[in-house]
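Note that the UniProt record's numbering has the sequence shown beginning at 1, numbered continuously upward. Working notes for the structure below.
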Amino acid sequence: MSALSRYVDLSQPSMWVAVGSICFNPLFWNFVARQEYRNKLLTKLALGRPYLGCYLLGVTIFGLGILRDHLYQHALSEQPTLPLLHYTEFKLVAAAVFAWGSILVGSSMWALGYTGTYLGDYFGILMDHKVESFPFNVTSSPMYTGSTLCFLGTALWYEAPAGLLLTLLVYVVYQVALSYEDPFTGAIYARREAERAAAAKGKGQPAGALEGGDGDAPEASTSAVRRRRGEL
Ligand SMILES: *[C@@H]1O[C@H](CO)[C@@H](O)[C@H](O)[C@H]1NC(C)=O
């Protein structure tokens, strides 16, 4: 306990502001996204336009992320440092970890696109296929893994053990968020698949027909998606 109080100054308000921001962000987007899914809250605020609603949510989430990163860095700047981490080797590790984290975050945003990144699924804007290319072939949740690594790299860079503690908090908060998000989005896509299957059946197509069914299948699936969009 004494080692903890020597290297982590819990009396700094900035530390608690960072804790609050780290916990608030995933709570916020999960709460708002579910409100959208259930009550179309954001689509209503965006005058009936789901794409605009998703765009505005994305801007808000992005802004909250920038604010959180700023509050985190500010908190670390007021925390005690661990002299061991002052070595150049640790700076290199810090930079490498941060760079890898940024690559995971950036490439998953690239792979998912704007609406895929910013919870478009909850607006009825679904991805056509599950993305399995890089970085999703490295980790199942590259956005969260990458973000956590960026927190870790920053903690090492600032030589602050308090940052390692906050990184642990980030990890836990993301695990909790995933345990909420994964089953929920899983159910959204399962419903879409059921609708696609029903649409294909309605057209007299045997499920899973590839040869000859190719011409109709994409049309059937887009109409299912369109219907779904109308319905949302
Ligand atoms: C993931 O995909 C990329 C190319 O998209 C490839 O270079 C890499 O080796 C793959 N990684 C794994 C672990 O399969």
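The beta-carbon is built from N, C-alpha and C at its ideal position, and this holds for glycine as well. A quick note: this is a predicted structure, and the numbers were derived from the prediction, not measured.
Mapping DSSP to helix, strand and coil, what is T167? helix
With a threshold of 8 Å, are at least 3 pairs of Cβ atoms found where one atom belongs to the stretch 175-195 and the other to the stretch 27-38? yes
If we count Cβ pairs, one from each stretch, closer than 8 Å, do we get three or more for the stretch 139-154 versus the stretch 78-92? no
For M15, three-class secondary structure by DSSP: helix
Starting from the C-beta of R34, find all residues in its chain whose C-beta is less than 6 Å away, skip the five residues before and the five after it, and write them out in chain order. none
Could you give the residue range of the alpha helix (DSSP H) that holds P50? 50-77
If you measure from each CB to the nearest heavy atom of ligand 1 and keep those under 6 Å, what residues do you get, in chain order? S133, F134, N137, V138
Among the residues of its own chain, which have a CB less than 7 Å from the CB of A18, if the five just before and after it don't count? L71, Y72, A75, L166
Which of the three DSSP states, helix, strand or coil, is assigned to D182? helix
The alpha helix (DSSP H) enclosing I103, as first and last residue numbers: 88-117
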